[in-house]
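Protein chains in written order, with the working numbering: chain A, 1 to 342; chain B, 343 to 684. Every residue, glycine too, gets a C-beta built ideally from N, C-alpha and C. Owing to the predicted nature of the structure, the values given are computational and were not obtained by experimental measurement.
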DNA sequence: CTGTTAGCGCATTCAC
DNA sequence: GTGAATGCGCTAACAG
């Protein structure tokens, strides 16, 4: 409840001096500085965020728009959120949470200067929030790359490339019939950018390699997975290599295949496109392309902060994927290949 | 960028009039009111949150402290978060996110008046944040009941009662050897209040009923589950009835039991203590005590808001549990009971 | 290196 | 039913 004025009086200096020891925006002699700090300590002073926001025109709060849908993987969302909050703190910023569906919220917090900038997750191809966000005069970064970013900056994992290197890995191992088990139907239908890009990357790389391929969505439950596997692996497709991009399915994958009398990797090789922890937390770790959720979240905040002060051109950053071979991929049955060829 | 003054000029009235049409704190004639609203619309005016916070001493922001641990179930956390954000909006409040480990954050946002109140999740028995929070002069509500609430209000699901009715249900069905599969070890060790209470409720009710019982923690992976089941069910304990309080295990439960040649419910009856969606989203729905995460989150916000203006006594609210029998519990093998006896 | 001072945009108390 | 004036607590430009 003590104000800066109280501190100034107690320390026998002027208000601005107190302000400046706090902000460090001009040099203060060691003596006065220590007197001010002593007074601050003595009075238990802490600055009033609202007053500061009014005078400085900066709230030190970032908005984060998170999806709270059923079909997004919550653990990945949490990783993003954790990364964003942690990074924001490094920039002395707090994080205000907005939900996907609260369209008015974006406009409100931005026009009322509740936030200094925004990070928006789970972008879809033609996202109605983007033109809205672009109008508001605050720095914003999209996690995901929409069809038209309206001049906003984007950061994303290069899902298309992730898909392509997964395909190439399988092809190099001699697999000639491969399949993609993708996100739930709902993600595809709303054209979540990651889902679209994984699929197009998969199809493109498969065609280039000249292998037989097919792909399908899959819900996150054992029944749906079993059906997908029946269609793609034991069925007419007869795939021997699988790319799986569906975090929630990973814990079910091994058991479900086992029930169908299929062994990994002897009968079917599997590449996962999944967050690092999902890929390696299994008893037998997956050959996988890791989605570095933490890095992406951190970078998103850094990009917002970069644009906060200096005017800066919009950019699209894609995080380059890397495949790590673990125990779930081997040379195709009947193939002469004993390992990847480069 | 238009200010209230601009609006006042454009409407040919004074600033205070504009303020009052916005707040509704005094009666305004229809004519002036519509002129003001027209001016607001024309100028695209929106109030500056910082200025409002300074003048009114209210930020219209609630703080929410969420756990970002490994051992908490993220989907449940998300449900709470969604409920809190949604409810907060009904009270014209935004939500600022703080993480568990950011101890200084609680103090910062509260002493700087960044937030008007706080909701804190994942309380442990002797939570170091509680004395800290109690000192700050802002309304706060704990989700969970600690040993000493330091005068703060608490809301929680009555986990002890949930556990007791689960036990009684099994006992009524004739089960004489029962077991509890609980939260991961880490939750128990840090004395998360829900984990402690589920266990004590389980043991108390088992003793009262005079049945054999045992309980143990279980990590959220198939191997750990298999080991727990070997110990509790097929091992010397020979439990025929199981209470499971570990959301992340539920998707694995059926498969793991199947691998061990155990059928539900013929060989073992299972009661789940889990969020509603987890309990019913399975192919065969569980007999369960539902954790109403949404209700709890909503109530937490309501309690904070109640304490925002009027001084109000601290209280502890416990949400009463209810068990819904579905297909995973039947009379014990060899029991004469054909159903629950009341 | 330090002090003085004029706002930042809004809420609210008085006066009418 | 309306207006004028003051202050909320802080920042930053200006003056020294």
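For residue i, the three-state DSSP class (helix, strand or coil)
{"i": "residue 124 of chain A", "result": "strand"}
{"i": "residue 231 of chain A", "result": "helix"}
{"i": "residue 75 of chain A", "result": "helix"}
{"i": "residue 447 of chain B", "result": "helix"}
{"i": "residue 662 of chain B", "result": "coil"}
{"i": "residue 643 of chain B", "result": "helix"}
{"i": "residue 458 of chain B", "result": "coil"}
{"i": "residue 365 of chain B", "result": "helix"}
{"i": "residue 534 of chain B", "result": "strand"}
{"i": "residue 97 of chain A", "result": "strand"}
{"i": "residue 264 of chain A", "result": "coil"}
{"i": "residue 15 of chain A", "result": "helix"}
{"i": "residue 201 of chain A", "result": "helix"}
{"i": "residue 615 of chain B", "result": "strand"}
{"i": "residue 50 of chain A", "result": "helix"}
{"i": "residue 84 of chain A", "result": "helix"}
{"i": "residue 562 of chain B", "result": "coil"}
{"i": "residue 186 of chain A", "result": "helix"}
Cβ separation of residue i and residue j, assumed to be a contact under 8 Å, to the nearest whole Å
{"i": "residue 318 of chain A", "j": "residue 158 of chain A", "result": "4 Å"}
{"i": "residue 132 of chain A", "j": "residue 140 of chain A", "result": "Rounded, the Cβ-Cβ distance is 10 Å, inconsistent with contact."}
{"i": "residue 543 of chain B", "j": "residue 503 of chain B", "result": "7 Å"}
{"i": "residue 547 of chain B", "j": "residue 506 of chain B", "result": "4 Å"}
{"i": "residue 183 of chain A", "j": "residue 245 of chain A", "result": "6 Å"}
{"i": "residue 628 of chain B", "j": "residue 635 of chain B", "result": "The Cβ separation is near 16 Å, so there is no contact."}
{"i": "residue 303 of chain A", "j": "residue 116 of chain A", "result": "In fact, because the Cβ distance is near 13 Å, the residues do not count as touching under 8 Å."}
{"i": "residue 187 of chain A", "j": "residue 295 of chain A", "result": "With a Cβ gap of about 22 Å, residue 187 of chain A and residue 295 of chain A do not count as contacting."}
Option in the options with minimal Cα separation from residue i
{"i": "residue 298 of chain A", "options": "A:259, A:135, A:85", "result": "A:85"}
{"i": "residue 276 of chain A", "options": "A:289, A:330, A:331", "result": "A:289"}
{"i": "residue 382 of chain B", "options": "B:590, B:349, B:676", "result": "B:349"}
{"i": "residue 671 of chain B", "options": "B:452, B:489, B:517, B:569", "result": "B:517"}
{"i": "residue 685 of chain B", "options": "B:384, B:529, B:451", "result": "Only positions 343 to 684 of chain B appear in the structure, and residue 685 of chain B is not among them; the question remains open."}
{"i": "residue 305 of chain A", "options": "A:225, A:27, A:60", "result": "A:60"}
{"i": "residue 37 of chain A", "options": "A:231, A:27, A:22", "result": "A:22"}
{"i": "residue 247 of chain A", "options": "A:27, A:269, A:76", "result": "A:76"}
{"i": "residue 62 of chain A", "options": "A:238, A:33, A:92", "result": "A:92"}
{"i": "residue 238 of chain A", "options": "A:163, A:122, A:333", "result": "A:333"}
{"i": "residue 232 of chain A", "options": "A:216, A:197, A:293", "result": "A:216"}
{"i": "residue 284 of chain A", "options": "A:295, A:307, A:255", "result": "A:255"}
{"i": "residue 489 of chain B", "options": "B:477, B:478, B:471, B:480", "result": "B:471"}
{"i": "residue 120 of chain A", "options": "A:310, A:13, A:300, A:258", "result": "A:300"}
{"i": "residue 343 of chain A", "options": "A:273, A:296, A:73", "result": "Residue 343 of chain A lies beyond the residue range present for chain A, which begins at 1 and ends at 342; the question has no answer from this structure."}
{"i": "residue 467 of chain B", "options": "B:527, B:357, B:532, B:366", "result": "B:532"}
{"i": "residue 610 of chain B", "options": "B:592, B:584, B:371", "result": "B:584"}
{"i": "residue 436 of chain B", "options": "B:594, B:355, B:456, B:649", "result": "B:456"}
{"i": "residue 541 of chain B", "options": "B:564, B:565, B:508, B:519", "result": "B:508"}
{"i": "residue 454 of chain B", "options": "A:44, A:80, A:218, A:122", "result": "A:44"}
{"i": "residue 197 of chain A", "options": "A:249, A:79, A:123", "result": "A:123"}
{"i": "residue 602 of chain B", "options": "B:564, B:377, B:444", "result": "B:564"}
{"i": "residue 203 of chain A", "options": "A:218, A:187, A:181", "result": "A:181"}
{"i": "residue 343 of chain B", "options": "A:9, A:143, A:137, A:178", "result": "A:137"}
{"i": "residue 673 of chain B", "options": "B:613, B:663, B:347, B:653", "result": "B:613"}
Residue interval of the beta strand (DSSP E) (run including residue i)
{"i": "residue 147 of chain A", "result": "Taken as a continuous stretch (DSSP letters only), residue 147 of chain A belongs to no beta strand (DSSP E), as it is neither H nor E."}
{"i": "residue 2 of chain A", "result": "Residue 2 of chain A -> no beta strand (DSSP E), and no H or E assigned at all."}
{"i": "residue 554 of chain B", "result": "554-558"}
{"i": "residue 523 of chain B", "result": "519-523"}
{"i": "residue 499 of chain B", "result": "495-499"}
{"i": "residue 291 of chain A", "result": "287-291"}
{"i": "residue 410 of chain B", "result": "Where residue 410 of chain B is concerned, there is no enclosing beta strand (DSSP E), given that its DSSP letter is neither H nor E."}
{"i": "residue 241 of chain A", "result": "241-244"}
Residue i: first and last residue of the uninterrupted alpha helix (DSSP H) it sits in
{"i": "residue 619 of chain B", "result": "618-622"}
{"i": "residue 515 of chain B", "result": "Where residue 515 of chain B is concerned, there is no enclosing alpha helix (DSSP H), given that its DSSP letter is neither H nor E."}
{"i": "residue 670 of chain B", "result": "No alpha helix (DSSP H) contains residue 670 of chain B, which DSSP labels as neither H nor E."}
{"i": "residue 35 of chain A", "result": "30-43"}
**Asked** How about the stretch 605-619 of chain B and the stretch 388-404 of chain B: do they share at least three Cβ pairs that are nearer than 8 Å?
**Response** No, the stretch 605-619 of chain B does not touch the stretch 388-404 of chain B.
**Item:** Contact the stretch 508-516 of chain B vs the stretch 548-555 of chain B: 3+ CB pairs below 8 Å
**Value:** For the pair of segments examined, the stretch 508-516 of chain B was found to touch the stretch 548-555 of chain B: the number of CB pairs separated by less than 8 Å reaches three.
**Prompt:** When the Cβ atoms of the stretch 303-319 of chain A are set against those of the stretch 145-154 of chain A, are three or more pairs found closer than 8 Å?
**Reply:** They touch, by the three-pair rule.
**Asked** Would you say the stretch 51-67 of chain A touches the stretch 92-99 of chain A, given that touching needs at least three Cβ pairs under 8 Å?
**Response** Segments in contact, yes.
**Prompt:** Taking one C-beta from the stretch 104-124 of chain A and one from the stretch 220-239 of chain A each time, how about it: are there three or more such pairs within less than 8 Å?
**Reply:** No, the stretch 104-124 of chain A is not in contact with the stretch 220-239 of chain A.
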